[in-house]
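Colleague: I am attaching a structure below and will ask some questions about it afterwards.
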Amino acid sequence: MDKIKSNFYWYKMSESVKSWIKQCSFCGGRKRPANTPKAPLQEYCVGYPLDRVVIDITGPFPLSESGNKYILVVMDSFTKFVEAYAILIKGRKQLLIRLCSSSS
Ligand SMILES: [Zn+2]
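Residue numbers (the working numbering): 136 to 239.
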């Protein structure tokens, strides 16, 4: 806009420039939609402990003394009991090893 303002002027210039940009099909096709559609939040029912367990991995964090970089968080949706484990790699194999070793 500043580049256009430095060289040109006409009545309602900024409005017509904005309108011109909005009508460009090439740019419109490449841009993301302003409001991405989201599903409404819903309530989900959990009947008993360990009926639904949710997991998430946070990080990367600075490397710990024991050589871990991520935190694996496991929560039981019914009791809200949370357990956190330090893991080295953010991957399925590491996640499975950590979950299996914690249950035994
Ligand atoms: Zn364009």
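Quick reminder that beta carbons are idealized off the backbone N, C-alpha and C, glycines included. Since this is a predicted model, take the numbers as computed values, not measurements.
Strictly by DSSP, which residues pair up with residue 218?
Modeller: Position 83 of the sequence shown, counted from the start, is the residue given in the question as residue 218. For residue 218, which the question treats as bridged, DSSP gives the partners 209.
Colleague: With hydrogens ignored, establish whether the beta-carbon of residue 161 is closer than 8 angstroms to any heavy atom of ligand 1.
Modeller: Within the sequence shown, the letter at position 26 stands for residue 161. Because some heavy atom of ligand 1 lies under 8 angstroms away, the Cβ of residue 161 counts as near it: yes.
Colleague: Of the choices 213, 154, 188, 205, whose alpha-carbon is the least far from that of residue 220?
Modeller: Translated into positions along the sequence shown, residue 220 becomes position 85. Looking at the Cα atoms, 205 is the closest of the given residues.
Colleague: Is it the case that the CB of residue 156 approaches a heavy atom of ligand 1 more closely than 8 angstroms?
Modeller: Walking along the sequence shown from the start, residue 156 turns up at place 21. Correct: residue 156 has its Cβ closer than 8 angstroms to ligand 1.
Colleague: For residue 213 versus residue 181, is the C-beta spacing smaller than 9 angstroms?
Modeller: Locating residue 213 in the sequence shown gives position 78, counting from the first residue. Locating residue 181 in the sequence shown gives position 46, counting from the first residue. It is a contact, given that the beta carbons lie within the stated cut-off.
Colleague: Based on the DSSP output, what are the partners of residue 188 in its beta bridges?
Modeller: The sequence position of residue 188 within the sequence shown is 53, counting from 1. The partner list for residue 188 (beta bridge, DSSP) reads 211.
Colleague: Please report the straight-line C-alpha distance between residue 168 and residue 161, rounded to a whole angstrom.
Modeller: Locating residue 168 in the sequence shown gives position 33, counting from the first residue. Locating residue 161 in the sequence shown gives position 26, counting from the first residue. Rounded to whole angstroms, residue 168 to residue 161 spans 14 angstroms at the Cα level.
Colleague: How is the alpha helix (DSSP H) around residue 165 delimited, first residue to last?
Modeller: Indexing the sequence shown from 1 puts residue 165 at position 30. Looking at the DSSP string, the run of the alpha helix (DSSP H) that includes residue 165 is 160 to 165.
Colleague: Tell me which residue opens and which closes the alpha helix (DSSP H) that residue 173 is part of.
Modeller: Reading the sequence shown from its first residue, position 38 is the one you call residue 173. Element bounds for residue 173: n/a, residue is neither H nor E.
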